[in-house]
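In my numbering, the protein residues as written are 127 to 482. Backbone N, C-alpha and C define an ideal beta-carbon position, used for all residues, glycine too. Input: a single structure, listed below in structure tokens.
What follows is the structure in structure tokens.
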């Protein structure tokens with residue numbers, strides 16, 4: 127029994143120690159994702175050890191302290207994404223003009239999914255200003271064509287490699303670009319719109335994840351996110367980033383992205399809004415994101431119903447109120463963060479700039 131408890135403690139400690147390293151292999155970076163599930167396991171282990179201890183079993187108190195320390199570390203990462211934390215983004219005031227409101231729906235459709243009508247119905251029900259679809263190929267483009275009556279302005283990049291992307295909008299695009307920033311097969315879409323006669327910069331992303339079937343390491347994903355963050359840091363326009371980032375909200379990479387870009391996360395202080403995996407309630411985390419500059423307040427963020435994909439769609443409604451959110455700041459970058467960015471981009475010869 128003692129060896130069993132020792133093994134459980136050591137394995138649990140590894141789930142904390144491995145993500146603290148700089149290794150980018152998917153077997154390491156994958157432990158960034160299930161911090162909520164690992165927290166639940168930590169609580170169960172502490173309860174088990176407590177029962178054994180009070181039952182008279184000779185149990186080293188070190189085991190309990192190690193598990194407790196690991197549990198607190200996991201909770202530190204996910205705590206901001208609970209209602210117990212202070213909101214990072216102010217709630218929108220009730221009195222606002224619709225001309226100031228921007229609603230964006232993101233939907234990773236799962237390329238092999240054929241339930242296009244479910245997505246069409248969801249769009250018609252929620253009436254977003256902008257719809258971003260991911261993993262959409264030519265089949266999906268043809269079957270989503272009816273949406274162009276409601277959302278007539280489009281940016282299309284159909285691909286059969288799980289990285290196709292389409293954007294549909296009620297607002298006309300300006301300076302529209304499809305770019306392949308880090309990998310030839312992975313597009314991103316960048317454009318501007320006018321909201322209440324003010325230019326808004328939009329970035330739609332879907333970087334490739336670290337996985338045994340994609341990239342063995344997280345390097346390409348991390349480079350794409352940080353390249354975007356550096357671009358945003360130089361831009362004073364109101365900015366929104368949306369898409370499936372193949373990274374969780376609390377990971378070191380996403381945290382670094384927010385530090386460098388200065389963008390805010392409307393989920394902080396409100397909830398996790400876990401969008402993946404739609405089929406397994408016990409294995410869900412937030413992979414689909416929307417970040418924005420301090421120029422916006424939040425009207426609503428909502429995880430929508432299933433469309434037959436492995437992702438739930440995410441609907442976020444923002445209000446352009448530059449004077450209402452000035453007291454809230456994103457997490458700040460320090461000297462080590464800037465060094466990490468330098469090593470990630472410059473030392474790996476990522477030089478492509480994002481057109482704005």
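At the level of alpha carbons, what is the spacing between residue i and residue j?
{"i": "residue 154", "j": "residue 320", "result": "42 Å"}
{"i": "residue 193", "j": "residue 409", "result": "21 Å"}
{"i": "residue 228", "j": "residue 367", "result": "13 Å"}
{"i": "residue 157", "j": "residue 144", "result": "8 Å"}
{"i": "residue 248", "j": "residue 280", "result": "18 Å"}
{"i": "residue 241", "j": "residue 359", "result": "39 Å"}
{"i": "residue 162", "j": "residue 385", "result": "23 Å"}
{"i": "residue 302", "j": "residue 407", "result": "38 Å"}
{"i": "residue 293", "j": "residue 165", "result": "37 Å"}
{"i": "residue 127", "j": "residue 339", "result": "38 Å"}
{"i": "residue 464", "j": "residue 187", "result": "40 Å"}
{"i": "residue 322", "j": "residue 225", "result": "5 Å"}
{"i": "residue 466", "j": "residue 397", "result": "29 Å"}
{"i": "residue 297", "j": "residue 387", "result": "25 Å"}
{"i": "residue 217", "j": "residue 470", "result": "35 Å"}
{"i": "residue 390", "j": "residue 136", "result": "36 Å"}
{"i": "residue 271", "j": "residue 174", "result": "55 Å"}
{"i": "residue 191", "j": "residue 267", "result": "54 Å"}
{"i": "residue 177", "j": "residue 130", "result": "15 Å"}
{"i": "residue 448", "j": "residue 361", "result": "15 Å"}
{"i": "residue 142", "j": "residue 324", "result": "45 Å"}
{"i": "residue 383", "j": "residue 373", "result": "11 Å"}
{"i": "residue 261", "j": "residue 159", "result": "21 Å"}
{"i": "residue 213", "j": "residue 182", "result": "45 Å"}
{"i": "residue 140", "j": "residue 309", "result": "32 Å"}
{"i": "residue 299", "j": "residue 265", "result": "24 Å"}
{"i": "residue 462", "j": "residue 202", "result": "20 Å"}
{"i": "residue 250", "j": "residue 219", "result": "26 Å"}
{"i": "residue 472", "j": "residue 134", "result": "41 Å"}
Leaving aside the five residues before and after residue i along the sequence, list all residues of the same chain whose C-beta is less than 7 Å from its C-beta, in chain order.
{"i": "residue 477", "result": "Low confidence applies to residue 477: its pLDDT is 49, below 50, so where it sits in the model is not reliable, and the reading given next is rough at best. Excluding sequence neighbours, residue 477 sits near nothing in its chain."}
{"i": "residue 168", "result": "138, 193, 196, 197 and 200"}
{"i": "residue 436", "result": "236, 402, 403, 404 and 405"}
{"i": "residue 254", "result": "229, 230, 231 and 441"}
{"i": "residue 458", "result": "385"}
{"i": "residue 400", "result": "410, 411 and 412"}
For residue i, which residues of its own chain have a beta-carbon under 8 Å away from its beta-carbon, when the five flanking residues on both sides are left out?
{"i": "residue 252", "result": "229, 231, 430 and 441"}
{"i": "residue 326", "result": "228, 318, 319, 320, 363, 364, 365, 366 and 446"}
{"i": "residue 432", "result": "244, 404 and 438"}
{"i": "residue 132", "result": "189"}
{"i": "residue 146", "result": "none"}
Is residue i near residue j, with beta carbons less than 7 Å apart?
{"i": "residue 353", "j": "residue 307", "result": "yes"}
{"i": "residue 329", "j": "residue 364", "result": "no"}
{"i": "residue 211", "j": "residue 395", "result": "yes"}
{"i": "residue 295", "j": "residue 246", "result": "no"}
{"i": "residue 434", "j": "residue 263", "result": "no"}
{"i": "residue 259", "j": "residue 233", "result": "yes"}
{"i": "residue 150", "j": "residue 311", "result": "no"}
{"i": "residue 171", "j": "residue 179", "result": "no"}
{"i": "residue 357", "j": "residue 204", "result": "no"}
{"i": "residue 412", "j": "residue 375", "result": "yes"}
{"i": "residue 414", "j": "residue 460", "result": "no"}
{"i": "residue 418", "j": "residue 444", "result": "yes"}
Excluding sequence positions up to five away, which residues of its chain have a Cβ less than 6 Å from the Cβ of residue i?
{"i": "residue 548", "result": "Outside the shown range of the chain, which is 127 to 482, sits residue 548, and nothing can be said about it."}
{"i": "residue 341", "result": "334"}
{"i": "residue 304", "result": "283, 313 and 315"}
{"i": "residue 206", "result": "394"}
Would you say residue i lies against chain B (beta-carbon separation less than 7 Å)?
{"i": "residue 304", "result": "No chain B appears in this structure, which consists of one protein chain only."}
contact_flag[the region 301-318, the region 264-278] where n(CB pairs < 8 Å) is 3 or more
no
Pair every Cβ in the region 377-386 with every Cβ in the region 346-357, then say whether three or more of these pairs are closer than 8 Å.
yes
Are the region 330-339 and the region 286-295 touching by the rule of at least three beta carbon pairs closer than 8 Å?
A contact is defined here as three or more CB-CB pairs under 8 Å, and the region 330-339 meets this definition with respect to the region 286-295.
What runs of the beta strand (DSSP E), each 3 residues or longer, lie entirely inside the region 151-224?
none
Completely contained beta strand (DSSP E) runs for the region 218-303, where each covers 3 or more residues
227-234, 256-260, 279-283 and 291-295
Any chance you could list the beta strand (DSSP E) runs of at least 3 consecutive residues sitting entirely within the region 385-448, in chain order?
414-418, 422-429 and 440-446
Output the residue ranges of the alpha helix (DSSP H) runs that lie fully inside the region 298-376 and measure 4 residues or longer, sorted by chain position.
Counting only runs that start and end inside the region 298-376, the alpha helix (DSSP H) elements of at least 4 residues fall at 345-359.
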